[in-house]
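Quick note, the sequence shown lines up with residues -18 to -1, 1 to 108 if you use mature numbering (1 follows the signal peptide of the UniProt record, and there is no 0). Glycine residues also receive a C-beta, built at the ideal position from the N, C-alpha and C atoms. Everything on this sheet refers to the single structure shown next.
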Amino acid sequence: MKTAVVLITSLLAFSALAKTDLSANMKQMKLAFNQAAEATTIEGMRAPIEEFEQLVILSANGSYPPEREELYQSGFSKLTNAVERIETKLNERDLDGAKTILREIDDLREEYHDKKKPSIWSMLFG
């Protein structure tokens, strides 16, 4: 009996750890984004963009409530596309072009945060 309880507890703990912590990922994404935005060289922007990309991939592979899955995946897809375009600009040695695309990512952040947390008025009146 003790073995079964320990096994079940271990499985539940592992399951909880395996879930994607979107809030923590977004905080790390914000940090990586800010580091990329403050970069003054191509090389200085590469590492935070690579970290940002890994966090987007990790977040996209998470499990989300069915009513939000499509919304989240749409946002992750747009972020992935923007990151790929930034990497192209960095490979072309175009720091200003990469920073322009970073502004698009910031616009996506605002757009999807608004969609994620609808206002009380939109919930009441549609």
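With distances taken Cα to Cα, identify the nearest neighbour of L40 among S5, L72 and P48.
Your numbering for residue 40 matches position 58 in the sequence shown. Looking at the Cα atoms, S5 is the closest of the given residues.
Could you spell out where the alpha helix (DSSP H) holding E66 opens and where it closes?
The sequence position of residue 66 within the sequence shown is 84, counting from 1. Residues P48 to N73.
To the nearest angstrom, report how far apart P30 and P48 are at their CA atoms.
Walking along the sequence shown from the start, residue 30 turns up at place 48. Walking along the sequence shown from the start, residue 48 turns up at place 66. Whole-angstrom Cα-Cα distance: 31 Å.
Quick check on DSSP: helix, strand or coil for D3?
On the sequence shown, residue 3 is found 21 positions in, with the first residue counted as 1. DSSP places D3 in coil when its eight states are reduced to three.
Ends of the alpha helix (DSSP H) at T82?
By one-based count along the sequence shown, residue 82 stands at place 100. It spans L77 to K98 - the alpha helix (DSSP H) in which T82 sits, taken as one unbroken run.
The alpha helix (DSSP H) with S41 in it runs from where to where?
Working through the sequence shown from its first residue, we reach residue 41 at position 59. Start and end: I24 to A42.
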